[in-house]
Amino acid sequence: MPVSFKKRAYDEKHQLTCNRSFNKTNVGNFFKNERYKFGPEAIYNIDKTGLTTVQRTVRVIVFKGSKQVGQARSAKRGCLVTLCCGVNAIGNCILPYFIFPRVNFRPYMLNEAPIGSDGSAHVSGWMTAPNVLKCMHAKPNPSSPVLVLLDNYESHISVDILNYYKEVGIVLLTFPPHCSKKLQPLDLSVYGPLKTYYNTAATDWLVSNPGKTSTIYEIPKLAAVALPQAFKLQNIASAGIGPFNSNLFSDDDYLCSAVTDPSVPNTKIHLLDKTPQPPQRPRLIQIMELSNKTHQLQLIQRLALEKTPKEVEQKGKLGY
1 MPVSFKKRAY DEKHQLTCNR SFNKTNVGNF FKNERYKFGP EAIYNIDKTG
51 LTTVQRTVRV IVFKGSKQVG QARSAKRGCL VTLCCGVNAI GNCILPYFIF
101 PRVNFRPYML NEAPIGSDGS AHVSGWMTAP NVLKCMHAKP NPSSPVLVLL
151 DNYESHISVD ILNYYKEVGI VLLTFPPHCS KKLQPLDLSV YGPLKTYYNT
201 AATDWLVSNP GKTSTIYEIP KLAAVALPQA FKLQNIASAG IGPFNSNLFS
251 DDDYLCSAVT DPSVPNTKIH LLDKTPQPPQ RPRLIQIMEL SNKTHQLQLI
301 QRLALEKTPK EVEQKGKLGY
């Protein structure tokens, strides 16, 4: 096998918990959980991802025989900015929401970001429950409720968030545990291309600005270039939520979870033979009774060999 193929087709690591949880029962219950009649325009998938100041380098073209091929990056380790997006199957979206690793948020952090974007600040740059509550202040209306699909993370669900959803008419539904990689369209086929386009845009920015390093304030600008290319209708429809397709996954997709399926009891014998049968005694008791009988028989044979019949009869009369 060529070495180049091994480098390109590396092994993918999957958690055993994720493989066991993605089974027919969990997926079937998720698609059948329908209480309200929502159209594709009222079902929104919301998820977050992380963008860093250090992009993943791409392949470059060099002369044959070059021993050293390098590509510049902003730093060895980057700084993370969280991006939260929401989208439905017909192309409508919730405007991007950025979370910067700062104590206080300033409006200039969103310079050249997508039009209508909003943001906030957190020390770690991660998504928290207060940030989720700010992100969901889009344009909810109790007269036209919507369905929001989220991962069941602790930061996505809190008492304040649930109370706010009830007030504004948002119906919340979470994905089954460890199934978002298959059922969440943003995780499945949107954020992957987004990272690719973002890395390309970051590389182009470094080429256009020699001697400068990328900071967290360039991330919204680069995201504005990558978002329109990644958020496409064919990518959003890949999870079977919109357009609705509950038979999207085949039996091959559930192979890893086959070990968790309970075995079907063999009831064929009981259905054919309907005559009542006496209850069988436990096997251990039968073996003990057989061993006791064998031991008694051995004692009788031993006495018969040691004593004559007359002596045995006399001892029986005397009582000893």
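To convert, note that position 178 of the sequence shown is 178 in UniProt numbering; the numbers rise steadily by one, no gaps. From the three backbone atoms N, C-alpha and C, an ideal C-beta is built for every residue, glycine too.
Buried or exposed (CB count within 10 angstroms, at least 16 for buried), Lys182: Lys182 should be labelled buried.
Cβ-Cβ distance between Cys79 and Pro101 below 8 Å: Against a cut-off of 8 Å, the Cβ pair of Pro101 and Cys79 comes out as a contact.
Span of the beta strand (DSSP E), counted from its first residue to its last, around Ala121: Asp118 to Ala121
Identity of the residue in Thr196, Lys37 and Leu51 nearest Tyr217 by Cα: Of the candidates Thr196, Lys37 and Leu51, the residue whose Cα lies closest to the Cα of Tyr217 is Leu51.
Residue environment, Ser124, which counts as buried when at least 16 other CB atoms sit within 10 Å: exposed
Meets three-Cβ-pair contact criterion under 8 Å: the region 208–222 and the region 165–178: no
Bridge partners - Ser172, DSSP secondary structure assignment: As written in the sequence, residue 172 is Leu, which differs from the Ser given in the question. According to DSSP, which records beta bridges pairwise, Leu172 is partnered with Val148.
Stretch pair the region 78–94 + the region 36–56: three plus CB contacts closer than 8 Å: Yes: at least three Cβ pairs fall under 8 Å.
Sheet register partners of Ile46 (DSSP bridge): Gly86
Candidates Gln184, Pro220, Val27 and Val159: closest to Tyr198 by CA position: Pro220
Span separating the alpha-carbon of Leu173 from that of Gly91: 20 Å
Pro96: CB within 7 Å of a non-hydrogen atom of the ligand ZN: No copy of the ligand ZN occurs in the structure displayed, which carries no ligand at all.
Three-way DSSP call (helix, strand, coil) for Pro114 in this model: Pro114 falls in the coil class under three-state DSSP.
For Leu248, three-class secondary structure by DSSP: Leu248 falls in the coil class under three-state DSSP.
Selected residue, minimal CA-CA separation from Pro96, among Gly116, Met127, Asn141 and Asn26: Gly116
CB of Ala89 within 8 Å of CB of Asn104, strictly: No, the Cβ-Cβ distance between Ala89 and Asn104 is not below 8 Å.
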